[in-house]
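The structure appears below as structure tokens.
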Amino acid sequence: MATLAHKVQVLLTGEQHRALLKLAKERGKPLSALLRDGVVEQLLKEARRATKQKAFEEITAMALPVADWPEMEQEIERAHDCSAERERRGGAP
Numbered sequence: 000m001a002t003l004a005h006k007v008q009v010l011l012t013g014e015q016h017r018a019l020l021k022l023a024k025e026r027g028k029p030l031s032a033l034l035r036d037g038v039v040e041q042l043l044k045e046a047r048r049a050t051k052q053k054a055f056e057e058i059t060a061m062a063l064p065v066a067d068w069p070e071m072e073q074e075i076e077r078a079h080d081c082s083a084e085r086e087r088r089g090g091a092p
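In terms of numbering that gives the first Met the number 0, the sequence shown opens at residue 0 and continues consecutively.
See below:
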């Protein structure tokens, strides 16, 4: 487990504090652990979503040569056939 070495102060309203204390008690966790887990999970979720969105935008912005569907389908089938043949031979190329 990573060592927790940095302290952050967060100010809450009385209502927020009571609600979070109740939730922490229900989950059997200290309030600090509940907040830490929630903040880290939410921020990491947002960061992953932003990374995926950026990758999607970069990929869709590329001007890649794409054949018509019948040709693409043949390429996919050839690749699949080669892969299946390799597996039948025990993974040898």
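We put the CB at the ideal spot given by N, CA and C, even for glycine.
Closer than 8 Å is the cut-off here; do at least three beta carbon pairs connect the segment 10-24 with the segment 32-47? yes
Go to HIS79, then tell me how far its alpha helix (DSSP H) extends in each direction, as first and last residue. 68-87
For ALA46 and GLU40, I'd like the C-alpha separation in whole angstroms. 10 Å
Secondary structure of GLN15, DSSP reduced to three states: helix
For ALA60, which three-state DSSP category applies? helix
Kindly indicate which three-state DSSP category GLU8 falls into: helix, strand or coil? Inspection of the sequence shows that residue 8 is occupied by Gln rather than by Glu. Coil.
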